[in-house]
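First up is the structure itself, then whatever we jot down about it.
Number of protein chains: 2
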Amino acid sequence: MKNSIKVERAKLNITQAQLAELVNVSRQTINAIELGKYNLSTILALKIAQVFKQPVQNVFELEDSDWQSDGNS
Amino acid sequence: MKNSIKVERAKLNITQAQLAELVNVSRQTINAIELGKYNLSTILALKIAQVFKQPVQNVFELEDSDWQSDGNS
DNA sequence: AATTAATGTAAAGTAAACATGACATAAAGA
DNA sequence: TCTTTATGTCATGTTTACTTTACATTAATT
Numbered sequence: 002m003k004n005s006i007k008v009e010r011a012k013l014n015i016t017q018a019q020l021a022e023l024v025n026v027s028r029q030t031i032n033a034i035e036l037g038k039y040n041l042s043t044i045l046a047l048k049i050a051q052v053f054k055q056p057v058q059n060v061f062e063l064e065d066s067d068w069q070s071d072g073n074s
Numbered sequence: 002m003k004n005s006i007k008v009e010r011a012k013l014n015i016t017q018a019q020l021a022e023l024v025n026v027s028r029q030t031i032n033a034i035e036l037g038k039y040n041l042s043t044i045l046a047l048k049i050a051q052v053f054k055q056p057v058q059n060v061f062e063l064e065d066s067d068w069q070s071d072g073n074s
């Protein structure tokens, strides 16, 4: 899964730590998600998309490889 | 978080088991998600929304209570 | 060049998302 | 009514999302 968190943060000019605070997770969690290290929960994705005032699909995009395995990782 | 999986399944006239197969998870997982028993991963939410040809926010909707706690459960 | 702010990374722990197998019940059709 | 299909649920197990603490690195400011 790809994401555009870094770009959207730049638009709003906020840091990872500030985004983390806005959605109530740790800064490290935002960092890991932004770097594609794991598959965040849907509630968190909805919150992040709402902060960015974007549809979820605009921030998080499926890749073809995501269809080959199951819902995890 | 609320969801409209049951309604969207009805539109397509597919069972929980069929949806499960389409997105490569177990039938029990779809059942639990549909009943709101847990907070599915974003990849899975994107897959389900894609099967339904709907935006994620149209299938999965944040509730106010989701903002009070953290990204989990 | 020195300090601060922002980001990246790592280790260890906890909670929860998933899987599988099994069974109970409800709905539907023959 | 009998059988099949669809849904709900429980128990057990594994994987992983997320937390916390801590430190290293990079970027920005003075």
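Residue numbers (this note's numbering), protein chains in the order written: chain S, 2 to 74; chain P, 2 to 74. Note that the Cβ used here is the ideal one computed from N, Cα and C, for glycine as well. As the structure is a prediction and not an experimental result, all values here were calculated from the model.
The residue among P:Ser66, P:Asn14, P:Ile34 and P:Gln29 with its C-alpha nearest the C-alpha of Val60 of chain P is P:Ile34.
At a C-beta separation below 7 angstroms, Asp65 of chain P has no neighbours in chain S, since its nearest C-beta there lies roughly 12 angstroms away. Straight across, the Cα-Cα distance linking Asn14 of chain S with Val26 of chain S is about 19 angstroms.
Going by C-alpha positions, Arg28 of chain P is about 8 angstroms away from Leu20 of chain P. The C-alpha of Ala18 of chain P lies about 25 angstroms from the C-alpha of Glu62 of chain S. For Asn14 of chain P, no CB of chain S lies under 8 angstroms from its own CB, so it is not counted at the interface with that chain. Put simply, the backbone Cα of Ala46 of chain P is about 19 angstroms away from that of Val52 of chain S. Met2 of chain P is positioned such that its CB atom lies closer than 8 angstroms to that of Thr43 of chain S. Here Lys12 of chain S carries a helix assignment [DSSP, helix/strand/coil]. Counting C-beta atoms within 10 angstroms of its own C-beta, Leu41 of chain P has 16 or more neighbours from the protein chains shown and is therefore classed as buried. At a cut-off of 8 angstroms between beta-carbon atoms, Ala46 of chain P makes contact with chain S.
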